[in-house]
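> Listed in order, the protein sequences are those of chains A and B. Counting in my numbering, the first sequence runs from 5 upward without gaps. Counting in my numbering, the second sequence runs from 5 upward without gaps. Have a look at this one.
2 protein chains.
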Amino acid sequence: MKQLLKIIKIGGKLIENEALLNSFMDDFVQLEGPKILVHGGGNKATEVAGKLGFKTKMIDGRRITDKNSMEVITMVYGGLLNKSIVAKLQAKKQNAIGLCGADGQVLISRRREVKEINYGFVGDVESVNTEFIDSILEQNMIPVFSAISCTKEGILLNTNGDSVASEIAIAMSRDYETQLFFCSEKKGVLTDIEDENSVIPELNSDNYNKLVQSKIITDGMLPKLHNCFEAIERGVSAIVLGDAKLLKKNSIHTKIVK
Amino acid sequence: MKQLLKIIKIGGKLIENEALLNSFMDDFVQLEGPKILVHGGGNKATEVAGKLGFKTKMIDGRRITDKNSMEVITMVYGGLLNKSIVAKLQAKKQNAIGLCGADGQVLISRRREVKEINYGFVGDVESVNTEFIDSILEQNMIPVFSAISCTKEGILLNTNGDSVASEIAIAMSRDYETQLFFCSEKKGVLTDIEDENSVIPELNSDNYNKLVQSKIITDGMLPKLHNCFEAIERGVSAIVLGDAKLLKKNSIHTKIVK
Chain A
5 MKQLLKIIKI GGKLIENEAL LNSFMDDFVQ LEGPKILVHG GGNKATEVAG
55 KLGFKTKMID GRRITDKNSM EVITMVYGGL LNKSIVAKLQ AKKQNAIGLC
105 GADGQVLISR RREVKEINYG FVGDVESVNT EFIDSILEQN MIPVFSAISC
155 TKEGILLNTN GDSVASEIAI AMSRDYETQL FFCSEKKGVL TDIEDENSVI
205 PELNSDNYNK LVQSKIITDG MLPKLHNCFE AIERGVSAIV LGDAKLLKKN
255 SIHTKIVK
Chain B
5 MKQLLKIIKI GGKLIENEAL LNSFMDDFVQ LEGPKILVHG GGNKATEVAG
55 KLGFKTKMID GRRITDKNSM EVITMVYGGL LNKSIVAKLQ AKKQNAIGLC
105 GADGQVLISR RREVKEINYG FVGDVESVNT EFIDSILEQN MIPVFSAISC
155 TKEGILLNTN GDSVASEIAI AMSRDYETQL FFCSEKKGVL TDIEDENSVI
205 PELNSDNYNK LVQSKIITDG MLPKLHNCFE AIERGVSAIV LGDAKLLKKN
255 SIHTKIVK
């Protein structure tokens, strides 16, 4: 039987709110066995960019990462947030190492093709250096990833944090049983978007398809869940969706299985 | 016989000037055998801090690192400069990994005691995790250090880049023959401060003491050279002082030996 490996993605308010982050970190350090943390940090980058006089360009609600924006992302995700999280883990007596995709060629990506819109320095992960991640886990260290990847040609690229976590989980599935945790603002997949208590405890592809057909799952959740089931198809054993309390015992959440 | 390990420290103008840095990197990748890069980045941090509206406080020409300054240093040294250098090395087909002292508890420091002046978040390296550095070198990766260390309690501290390089070289001397290279604005130790061509090719403690007694070496060079001879006493086999062209074949420089 393969060893269990947990990959946890955090972002949004959880990163920005010091108290929430500290409470999450207390739960995170309690998790037993090998684990990996992946973080974004969107709003902090926008805030720093604004103070530096760089305007964040958005097209259809998506950030355009020009050269200045990429510098800010490298500062904020790759430096400030990443190293602060590593230092917080050290303070809690868990050895960790902060990485962006360039470090150890751990996340090699391809720059997104320019079609109607040029998103700038944005890329999609093409390969994960699992051997390098393994060498870190074997030293009892927690790899902490900022959502930055790097092309073969050494260009740093802004990369979707959820995708980074998924691609790592998929790649590590060869040697581990992988569980992927997405901590966001929502407690999980809801049957009623207005009712926070309507969390669906478990989804498999059968009842997922039924819920889509009956239009109980719609809109924003569709692409996210589509990606989740793709990750499951590609080897991830389970995906858990929840809020900042996701790692607490008896948390309310949605678990996605095959 | 121990294997040779080269530790190269860069800072100042070399970091700030893109063309100079690229030219240096071309020389750096030509260096054979295991090697480590250490960088500072002072003025870029001051520039970013200024744009963010943080005033850099100085007392007697020394920077006071308050909480805001430490955040900027973590962004600029730990993120922007560190990850850009790693990406540059990847572009040149040399695998590298960017580290601050918190990563893998690689540089554990003690916060500087408050005496007359409180320098804030500033520390001195107390221990180097040589086993972790070795594991990186064994994977044929170049460790790239930003001048940030971390206390046992997980507090990130601004740390003198020259000292970081020295402490790493000293610690690695147990298992390697270490050579330390300091690249700065000067070609080496000069007999005449006004004459750039008066570089002393080699210094040992005998001729160093004579040059100090005859007041040929004075002022600013004294503490730097004192630290160099201390590193030599503590196991470093040679220290080379020069400018951005230091790693070129037949460079003009000062070599310090026992």
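Beta carbons are placed, not taken as given, at the ideal position from N, Cα and C, and that holds for glycine.
Rounded to a whole number of angstroms, what is the C-alpha to C-alpha distance between GLU157 (chain A) and ASN47 (chain A)?
Cα-Cα distance, rounded: 28 Å.
> Against chain B, with Cβ distances strictly below 8 Å, would ALA91 (chain A) count as a contact?
ALA91 (chain A) counts as touching chain B.
> Quick one, are the C-beta atoms of SER218 (chain A) and PHE233 (chain A) less than 8 Å apart?
No, Cβ-Cβ distance for SER218 (chain A) and PHE233 (chain A) is not below 8 Å.
> Which residues in chain B have a C-beta closer than 7 Å to the C-beta of ALA95 (chain A)? List them in chain order.
Going along chain B in sequence order, the residues near ALA95 (chain A) (Cβ under 7 Å) are GLU157 and GLY158.
> I need the DSSP call for MET62 (chain A), collapsed to helix, strand or coil.
strand
> So if I threshold CB-CB distances at 9 Å, which residues from the segment 197 to 208 of chain A count as touching chain B?
Per Cβ criterion, the list is empty.
> Looking at the unbroken alpha helix (DSSP H) that takes in GLU51 (chain B), where does it start and where does it end?
46 to 55
> Among residues of its own chain, excluding the 5 on either side of THR78 (chain A), which ones have a beta-carbon nearer than 7 Å to its beta-carbon?
ILE152 and LEU160
> Entirely within the segment 75 to 107 of chain A and at least 3 residues each: give me those beta strand (DSSP E) ranges in chain order.
For the segment 75 to 107 of chain A, the continuous beta strand (DSSP E) assignments of 3+ residues that do not extend past its boundaries occur at 100 to 103, in sequence order.
> What are the residues that DSSP puts in a beta bridge with ASN162 (chain B)?
B:VAL126 and B:ILE152
> Which of helix, strand or coil does DSSP assign to GLN109 (chain B)?
helix
> To the nearest angstrom, how far is it from the Cα of ILE12 (chain B) to the Cα of VAL261 (chain A)?
50 Å
> If you run the structure through DSSP and keep just helix, strand and coil, what is THR134 (chain B)?
helix
> Go to LYS214 (chain B), then tell me how far its alpha helix (DSSP H) extends in each direction, as first and last residue.
Its alpha helix (DSSP H) spans residues 209 to 217.
> Shortest alpha-carbon distance to GLY192 (chain B) belongs to which of B:GLN94, B:GLN109 and B:ILE204?
B:ILE204
> For ALA7 (chain A) and SER177 (chain A), I'd like the C-alpha separation in whole angstroms.
The question names Ala, but residue 7 (chain A) is Gln in the sequence shown. Roughly 10 Å separates the two Cα atoms.
> In this structure, how does DSSP classify ALA248 (chain B) when only helix, strand and coil are distinguished?
If DSSP states are grouped into helix, strand and coil, ALA248 (chain B) belongs with coil.
> Kindly list, in the order they appear in chain A, the residues whose Cβ is closer than 7 Å to that of CYS187 (chain B).
Within 7 Å Cβ-Cβ: nothing; CYS187 (chain B) doesn't reach chain A, min ~21 Å.
> For the segment 17 to 47 of chain B, list the alpha helix (DSSP H) runs that are entirely contained and at least 4 residues long, ordered along the chain.
17 to 20 and 22 to 34
> Smallest Cα separation from LYS215 (chain A): which of A:GLY224, A:LYS228, A:ASP199 and A:THR195?
In the sequence as presented, Lys is not what sits at residue 215 (chain A); that position holds Leu. Nearest C-alpha to LEU215 (chain A): A:THR195.
> How many angstroms separate the CA atom of ILE121 (chain A) from the CA atom of ASP138 (chain B)?
45 Å
> So is ILE63 (chain B) buried or exposed if we call it buried at 16+ other beta carbons inside 10 Å?
exposed
> Just verifying my parser: in three-state terms, what is the DSSP assignment at ILE174 (chain B)?
Judged by DSSP in its simplified three-state form, ILE174 (chain B) adopts helix.
> So for LYS71 (chain A), helix, strand or coil by DSSP?
helix
> Going straight from the alpha carbon of THR155 (chain A) to that of ILE146 (chain B), what length do you get?
CA-CA distance, THR155 (chain A) to ILE146 (chain B), rounds to 18 Å.
> Hey, GLU171 (chain A) and VAL129 (chain A): beta-carbon distance below 8 Å or not?
yes
> Within the 8 Å Cβ cut-off, does LYS87 (chain A) reach chain B?
Closer than 8 Å to some Cβ of chain B, the Cβ of LYS87 (chain A) qualifies, so yes.
> Closest by CA to LEU9 (chain A), which one among A:ARG238, A:LEU35, A:HIS230 and A:GLY15?
A:LEU35
> Can you pull the chain B neighbours of LEU56 (chain A), defined as C-beta to C-beta under 8 Å?
Correct list: VAL52, LYS55 and LEU56.
> Identify the contact partners of GLU20 (chain A) in chain B, using a Cβ-Cβ distance below 7 Å as the criterion.
Those do not exist, as GLU20 (chain A) stays about 14 Å from chain B at its closest Cβ, beyond 7 Å.
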